[in-house]
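This note's numbering numbers the first residue of the sequence shown as 1174 and each following residue consecutively.
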Amino acid sequence: MLDSTLRGIGQIFLINNPITGFLLVIAVATNSIWAAVLVLAGSAVSVLTAMLLGYDESVVRLGFYSFNGALFGVLGAVFLIGPWVLTSALLSLLAASVSVPIMKITIEVLVVKFEVPALSLTFGVLGVLMLLLLPATIYGGANVALLQPVERYAKAPDPHLREAVAGGEVGILEGMFNATFRGIGQVVLMDSALVGILIVVAIAAATRIGAVMVILGSCLGAISGLAIGADGYEIFHGLWGYNAAVVGVGLFGIVLEVGWKSFIATGVACLSSGLLYGALSQLLAPWGVIPLSLPLVMIIIGTTFALKDSRVSVLSIPDYSNAEKRIRIRKSMKGSV
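Below is the structure:
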C-alpha cells in the first residue's frame, strides 16, 4: 500500500516512481508539514478506497487512482481553515475518496475508449467545485498569493515582475527564477521557489530529461504571460507556469516519442497552456476561483488527439515510461537491426 501511495504522488507529474513520490512529500513538507501530511493521507485514502471497491490491483499499484487524492489533500491544506484542524482533514480525505470512482469513469472513457491519458481531470473539475463551495461554509480559507481577489481583474494588469501586489519590482533574472521555480511548486499549490527546486530533484531521481523539461515548461509558461503583458505579480508567483511545468514533463518522452519534432510540439503546448490559464482565470474570476489543473489537462489531451496519425509519434498508453527509457529502447532496436 505504501508503494502505491507514493507512486500516486509521483503520478502528479506523470512519473511512476515511489522515490519521486517520497521526495515530493519532503518538498511539500519544507513549506508546510500540514500539507505534506494531507498529501500523503489523501493518496493513501484513495488507494484504500480503490482496494475496497475491488478495482484492478495493477492499476491501483501504478497510482492512477491516488494522485487526485494527493492533490485534494494539498488543496484542503491550502484552502481550508487550518492547519491541524480535524474537520479540514476529514473534508479533504472525503474528497480524495470520492475522486476514486469518478476517476474510474474517467479512465473508462478517456483511456479505454479514446486512448488518451485521464490525467488530473477529476481533480480539476471537482477541485473547482470545491473552491466554489467553500466560501459558503465556515471552513473556507484562502492562500492570497494563489487565489487572487476578484477586484484585481477589474483593472488593467501591471506587467512588471514583482513579489508584492503593489510595488516591489524585481529584475528580470530574479523575476524569471521565481516565476519558473515557484511555478513548479504551484503544481502542488506551494508558493515557494525552494519547493520547486526540490521537486526538480524529485523528478530527476526518475528522469533527468524530465527534470529539464519541467523547468523549461514552467519557464515557457511564464514567458507566455510576459509576452502578452499579463500581471507581473501572478507571473512572479508561478501562476502562469504551473500548468506548463506538467505539460513539459508529461508530453516529452512520456506521451510523445523522444525527438526534435516532439520537443517543438511540447514547447508550443507549454506556451499554449500558459495562455489557456490566463483565459480560464478570466472566465472564473467572477467566482473568485482559479482553474487548477484544467489547462494542463486540456492541453495534453488536445495535443494527444491532434498529433495522432501525424509525423510526431504519439505513444500508446501501455508504452508510457520516460524519455531515458524511450532512448534506450530506440538504441536497442537499432542495434538489433
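For every residue, glycine included, the Cβ atom is placed at its ideal position computed from N, Cα and C.
First and last residue of the uninterrupted alpha helix (DSSP H) at residue i
i	result
Glu-1281	Run containing Glu-1281: none; DSSP gives neither H nor E here.
Tyr-1406	1405–1409
Phe-1350	1345–1359
Pro-1468	1467–1480
Val-1226	In the sequence on display, residue 1226 carries Leu and not Val. Per DSSP, Leu-1226 belongs to no alpha helix (DSSP H) and is neither H nor E.
Phe-1195	1191–1202
Ala-1492	A quick correction: the sequence has Asp, not Ala, at residue 1492. That residue, Asp-1492, is in no alpha helix (DSSP H); it is neither H nor E in DSSP.
Ala-1329	Here Ala-1329 belongs to no alpha helix (DSSP H), and DSSP marks it neither H nor E.
Met-1303	1294–1306
Ser-1177	1175–1183
Ile-1396	1381–1400
Leu-1371	1366–1377
Cross-strand partners of residue i (DSSP beta bridge)
i	result
Phe-1425	Leu-1429
Val-1487	Leu-1429
Glu-1342	Arg-1335
Minimum C-alpha distance to residue i - residue among the options
i	options	result
Ile-1357	Ile-1345, Tyr-1415, Leu-1307	Tyr-1415
Ile-1188	Ser-1486, Ile-1278, Val-1368, Arg-1234	Arg-1234
Val-1387	Thr-1477, Ser-1365, Gly-1421	Gly-1421
Phe-1296	Leu-1334, Ser-1270, Ser-1265, Asn-1241	Asn-1241
Leu-1302	Val-1462, Gly-1181, Gly-1394	Val-1462
Gly-1569	Leu-1264, Asp-1229, Glu-1230, Ser-1231	What the structure shows of the chain is the stretch from 1174 to 1510, and residue 1569 is not part of that stretch, so it cannot be assessed.
Phe-1237	Pro-1256, Ala-1217, Ala-1202, Gly-1255	Ala-1217
Ser-1293	Val-1419, Ala-1458, Leu-1480, Thr-1476	Val-1419
Val-1441	Ala-1479, Phe-1409, Leu-1453	Ala-1479
Ala-1403	Ala-1438, Trp-1433, Gly-1423, Ala-1452	Ala-1452
Ile-1199	Trp-1433, Ile-1370, Val-1271	Ile-1370
Ala-1438	Ser-1483, Tyr-1450, Pro-1459	Ser-1483
Leu-1305	Trp-1460, Ser-1486, Val-1284	Trp-1460
Ser-1435	Leu-1197, Trp-1207, Leu-1488	Leu-1488
Gly-1518	Leu-1457, Pro-1290, Ile-1345	It is not possible to answer for residue 1518, since the shown part of the chain is limited to 1174 through 1510.
Gly-1183	Thr-1380, Lys-1504, Leu-1457	Thr-1380
Ile-1280	Gly-1255, Ser-1239, Thr-1260	Ser-1239
Test item: CB-CB of residue i and residue j under 8 Å
i	j	result
Leu-1412	Gln-1359	yes
Ala-1339	Leu-1299	no
Ala-1366	Ala-1377	no
Gly-1398	Cys-1443	no
Val-1273	Ser-1219	yes
Ala-1375	Leu-1393	no
Ile-1408	Ala-1395	yes
Thr-1203	Val-1373	no
Ile-1185	Ala-1243	yes
Asp-1331	Gly-1447	no
Ile-1490	Glu-1288	yes
Tyr-1228	Lys-1286	no
Distance cut-off 7 Å: residue i Cβ against heavy atoms of the ligand GTP
i	result
Leu-1304	As presented, the structure is devoid of all ligands, the ligand GTP included, so that no description of it is given.
Would the stretch 1344–1355 and the stretch 1464–1471 be scored as touching if the rule is three or more Cβ pairs under 8 Å?
-> no
Is the stretch 1247–1256 close to the stretch 1361–1378, with three or more CB pairs under 8 Å?
-> yes
Could you say if the stretch 1493–1500 and the stretch 1425–1434 meet the contact criterion of at least three C-beta pairs nearer than 8 Å?
-> yes
Quick check: the stretch 1210–1229 against the stretch 1174–1186, are there 3 or more CB pairs under 8 Å?
-> yes
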